[in-house]
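Numbering (the numbering used here), first residue to last: 53 to 211.
Just below is one structure, and these are the notes that go with it.
Next up, the structure:
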């Protein structure tokens, strides 16, 4: 079998950042998949499921309610390796196009107070697996260490 594209990325050189993972054609539309990489693979600990789950709930809620991008969001969810998230948008975008949106989203997560949307037994299949304080910490870290002064090496996959 052929390796899928995401397994051809050199994860030993991959830094936290925002990357175009792939672009697919769906009828007349282009679907852009973004790799929102929050931790450095194989060098630092992965995120625990509770904070990943919390970021997923808050991020998906923020994105689907966004005035400019809400109607373009197809999916936002975690990577199986727990080092980041995938964001699929209807449209042809580049990594740099997402920096302002990601700054908004991670600021929303960092500053969020109250009950996490969907964190109830009726709304979620694992509602007890949430960690808002850690999700806020990770969002703040990603904002400060990656998004605030993002460089080209964190926007284009390494060779």
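Note that CB positions come from ideal geometry on N, CA and C, so glycine has one too.
In this text the structure is predicted, and so the values were computed from the model without any measurement.
Check	Outcome
Please tell me whether, using a cut-off of 8 Å, the distance from the CB of residue 142 to the nearest non-hydrogen atom of the ligand FAD is below it.	Ligands displayed in this structure: none; no statement on the ligand FAD is therefore possible.
With residue 189 as the anchor, note down where its beta strand (DSSP E) starts and where it stops.	Careful: residue 189 lies outside any beta strand (DSSP E), inside the alpha helix (DSSP H) at 184-194.
Kindly indicate which three-state DSSP category residue 147 falls into: helix, strand or coil?	helix
Mind checking which residues open and close the alpha helix (DSSP H) that includes residue 173?	Per DSSP, residue 173 belongs to no alpha helix (DSSP H) and is neither H nor E.
What does a CB cutoff of less than 8 Å around residue 127 pick up in its chain, not counting 5 residues either side in sequence?	138, 139, 140
State whether the stretch 86-94 contacts the stretch 63-72, with contact taken as three or more CB pairs (one from each stretch) at a distance under 8 Å.	yes
Rank 54, 96, 99, 110 by C-alpha distance to the C-alpha of residue 170 and give the top, closest one.	110
Under 9 Å between the Cβ atoms of residue 181 and residue 105?	yes
Nearest-angstrom Cα distance between residue 131 and residue 80?	27 Å
Buried or exposed for residue 154, going by 16 or more other Cβ atoms inside 10 Å?	buried
Considering only residues of the same chain and omitting the five flanking positions on each side of residue 194, which have a CB-CB separation below 6 Å?	90, 158
Once you ignore the five residues that flank residue 160 on each side, which residues in its own chain have a CB closer than 6 Å to its CB?	114
Have a look at residue 122 and residue 179 and give me their C-alpha separation to the nearest angstrom.	24 Å
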